[in-house]
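Participant: Could you have a look at this structure, given as structure tokens, before my questions?
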Amino acid sequence: MTERQFVQRFDWGLLGLTFILGIMGLVTLYSAVTADAQVSQKILVIKQMLWFFAGLMLMVISFLFDYKTLERWATVIYIVCIVLLIAVLLFGKYVGGSKRWLALGPVSFQPSETAKLTVIVMLARYYAKQISTKGFSLQELLNPMLITAVPFLLIVKQPDLGTAMLILIIAASITVFVKIEHRSFVSLIFTALTAVPLVWFCLKGYQKQRIMTFLDPDRDPLGAGYHIIQSKIAIGSGMVWGRGLRQGTQNALSFLPEQHTDFIFSVMAEELGFAGSLFTIFVFLLLIVWGLNIAYGCRDTFGTVLSVGVTAMIFWQVVINIGMVMGLMPVVGVPLPFISYGGSSVISMMMCVAVLMNVSMRRFAIE
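Here is the structure:
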């Protein structure tokens with residue numbers, strides 16, 4: 208691709224949406240960690256900014272390669288991902304009761320974040336080669352199930368049920384998109400429903416507690432239900448226009464737990480109100496529609512499925528996180544893309560945008 212073609216095909220709209228979300232994330236994070244003058248953590252904002260620009264650098268580097276390179280290297284990428292997930296179980300460090308982090312010198316990261324994108328690449332390669340107008344049978348879905356099951360089980364073992372379930376949902380979204388035979392689809396739904404009692408039996412005590420708290424937060428308002436009750440109070444107290452940056456009482460008085468990570472949308476809702484929350488959701492909606500439009504316009508099956516998978520990943524993380532803080536879903540450790548604090552999450556999301564950008568720039572290329 209020549210320099211002129213690169214500029215002509217560059218998706219400035221997608222980059223603009225990414226910058227808007229990134230800036231909103233930094234502003235909200237700054238408010239979340241500095242509202243309490245006694246416990247200011249401005250260093251987290253600096254770290255997040257560095258991670259964001261590191262993601263931009265990786266994005267620029269990725270433009271040099273055709274996205275079809277991912278198809279050729281998918282197996283190697285998948286094996287590396289599995290090795291990293293195993294390394295977490297063997298050598299990872301505990302944070303908040305879970306062993307999710309792998310330390311490489313001064314830098315720690317979560318391989319489970321990259322596992323989501325890795326599974327998307329592997330499934331895109333498989334479905335692109337096996338695509339059929341009649342839909343996939345159960346036998347043809349065995350390989351995708353295995354591809355998804357290995358990282359799923361390793362992440363559950365950490366334990367990180369939220370990320371593991373997210374991988375299942377993303378894989379299911381991709382599979383429904385490429386089409387399943389009617390009989391196979393009914394069989395899978397029936398199997399999933401009958402497995403619910405077994406899944407409940409396998410859940411750990413705190414995981415069952417989260418589900419019970421989701422159904423009735425007031426059963427333990429000072430214990431398991433505290434997070435979601437305080438989150439609802441924060442969202443409701445924002446009213447239409449919000450209290451203003453750094454003026455949220457739930458945030459400033461430290462009533463709202465995990466305000467800079469999982470519950471950062473609650474901070475945004477209290478300080479920017481319904482208007483600011485609606486604008487944020489609208490930007491996310493634009494990003495998701497943009498990703499689906501890229502998939503629709505791609506002439507390559509691998510690129511189409513890859514774009515759908517990446518867009519599904521962003522969509523489900525937004526839905527689960529916002530649903531969680533509003534009490535519409537159980538509390539799980541799923542960050543809000545581009546907004547929540549976390550280097551692994553930011554890098555993962557920036558790589559998702561890089562994939563969409565790459566497909567957008569090269570989707571009309573004919574080999």
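Residues in the sequence shown are numbered from 208 upward in steps of one, following this note's numbering. Idealized CB from N, CA, C, for every residue including glycine.
Between which two residues does the beta strand (DSSP E) holding residue 310 run?
Facilitator: Note, residue 310: beta strand (DSSP E), 305 to 311.
Participant: With three or more beta-carbon pairs closer than 8 Å as the criterion, would you say the segment 464 to 480 touches the segment 490 to 504?
Facilitator: No contact exists between the segment 464 to 480 and the segment 490 to 504.
Participant: In the DSSP assignment, what residue or residues form a beta bridge with residue 301?
Facilitator: Note: residue 301 sits in a beta bridge opposite 306.
Participant: Which term fits residue 346, buried or exposed, when burial requires 16 or more other beta carbons within 10 angstroms of its beta carbon?
Facilitator: Result: exposed.
Participant: Enumerated in chain order, which unbroken segments of the alpha helix (DSSP H) with a length of 4 residues or greater are wholly contained in the segment 456 to 526?
Facilitator: Entirely contained in the segment 456 to 526, the alpha helix (DSSP H) runs reaching 4 residues are, in chain order, 456 to 459 and 471 to 504.
Participant: Can you check which of these residues, 557, 228, 516 and 533, is closest to residue 381 by C-alpha distance?
Facilitator: Of 557, 228, 516 and 533, the residue nearest in Cα terms is 516.
Participant: Do residue 532 and residue 495 have their CB atoms nearer than 9 Å?
Facilitator: Contact: no.
Participant: Inspect the beta-carbon positions of residue 371 and residue 331 and report whether they are closer than 9 Å.
Facilitator: Cβ atoms of residue 371 and residue 331: not closer than 9 Å.
Participant: Nearest to residue 476 by CA position, among 334, 223, 333 and 236, is which residue?
Facilitator: Selected option, being the one with the closest Cα: 236.
Participant: Can residue 231 and residue 545 be called in contact, C-beta distance under 9 Å?
Facilitator: For residue 231 and residue 545, yes; Cβs fall inside 9 Å.
Participant: Whole angstroms is fine: what's the gap from residue 335's alpha carbon to residue 568's?
Facilitator: The alpha-carbon atoms of residue 335 and residue 568 are separated by roughly 20 Å.
Participant: According to the neighbour-count rule (16 or more other Cβ atoms, all chains shown, within 10 Å of its Cβ), is residue 220 buried or exposed?
Facilitator: Flag for residue 220 reads exposed.
Participant: Between residue 530 and the rest of its own chain, which residues show a CB-CB distance below 7 Å, the 5 nearest in sequence each way excluded?
Facilitator: So the qualifying residues of the chain are 536.
Participant: Should residue 557 and residue 225 be called a contact, given that it needs their Cβ atoms to be closer than 9 Å?
Facilitator: Yes, these two residues count as a Cβ contact at 9 Å.
Participant: Can the beta-carbon of residue 323 be found less than 9 Å from the beta-carbon of residue 555?
Facilitator: For residue 323 and residue 555, yes; Cβs fall inside 9 Å.
Participant: Within the continuous beta strand (DSSP E) that includes residue 315, where are the two ends?
Facilitator: 314 to 316 is the span of the beta strand (DSSP E), which, as asked, contains residue 315.
Participant: State the CB to CB distance for the pair residue 233 and residue 256, rounded to an integer number of angstroms; the pair is presumed to be in contact (CB under 8 Å).
Facilitator: That belief holds up - the Cβ atoms of residue 233 and residue 256 are roughly 6 Å apart, short of 8 Å.
Participant: Take the Cβ of residue 360 as the centre, count every other Cβ of all protein chains shown within 10 Å, and call the residue buried at 16 or more, exposed below.
Facilitator: Residue 360 is exposed by the Cβ-count criterion.
Participant: Within the same chain, show all residues whose beta-carbon is closer than 6 Å to that of residue 438, passing over the 5 residues directly before and after it, in chain order.
Facilitator: These residues qualify, in order along the chain: 470, 473 and 532.
Participant: Mapping the DSSP letters down to three states, classify residue 545 as helix, strand or coil.
Facilitator: Residue 545: coil per DSSP, three-state reduction.
Participant: Quick check on DSSP: helix, strand or coil for residue 343?
Facilitator: Strand at residue 343.
Participant: Quick one: residues in its chain with C-beta nearer than 6 Å to the C-beta of residue 550, no 5 flanking neighbours on either side, listed in chain order?
Facilitator: Excluding residues within five positions, the ones whose Cβ falls inside 6 Å are 258.
Participant: Which of helix, strand or coil does DSSP assign to residue 418?
Facilitator: Of the three classes helix, strand and coil, the one that applies to residue 418 here is helix, per DSSP.
Participant: Sorted by chain position, which residues of the same chain lie with C-beta nearer than 6 Å to residue 229's C-beta, five sequence neighbours on each side aside?
Facilitator: The answer, listed in chain order, is 259 and 545.
Participant: Check residue 338 in the structure and name its three-state DSSP category.
Facilitator: Residue 338 falls in the coil class under three-state DSSP.
Participant: Any idea if residue 448 is buried or exposed, counting beta-carbon neighbours within 10 angstroms, 16 or more meaning buried?
Facilitator: When all chains shown are included, residue 448 counts as exposed.
Participant: Does the distance from the CB of residue 318 to the CB of residue 297 come in under 9 Å?
Facilitator: The answer is no: Cβ separation not under 9 Å.
Participant: With 16 as the cutoff for other CB atoms within 10 Å, does residue 240 come out buried or exposed?
Facilitator: Label assigned to residue 240: buried.
Participant: Look at the alpha carbon of residue 391 and the alpha carbon of residue 344, and state the distance between them as a whole number of angstroms.
Facilitator: About 6 Å.
Participant: Looking only at DSSP bridge pairs, what is residue 387 linked to?
Facilitator: Residue 387 pairs with 343.
Participant: Given a threshold of 16 other Cβ atoms within 10 Å of its Cβ, counted over all protein chains shown, does residue 358 qualify as buried or as exposed?
Facilitator: The residue is buried, with at least 16 neighbouring Cβ atoms inside 10 Å.
Participant: Using only alpha-carbon positions, find the residue among 541, 377, 401 and 412 that is nearest to residue 512.
Facilitator: For the residues 541, 377, 401 and 412, the minimum Cα distance to residue 512 belongs to 377.
Participant: At which residues does the alpha helix (DSSP H) containing residue 356 begin and terminate?
Facilitator: Start and end: 349 to 363.
Participant: How about residue 269 and residue 541: are their beta carbons less than 9 Å apart?
Facilitator: The answer is no: Cβ separation not under 9 Å.
Participant: Would you say the beta carbon of residue 309 comes nearer than 8 Å to a heavy atom of the ligand PLP?
Facilitator: What this structure holds is no ligand at all, so the ligand PLP is not there to describe.
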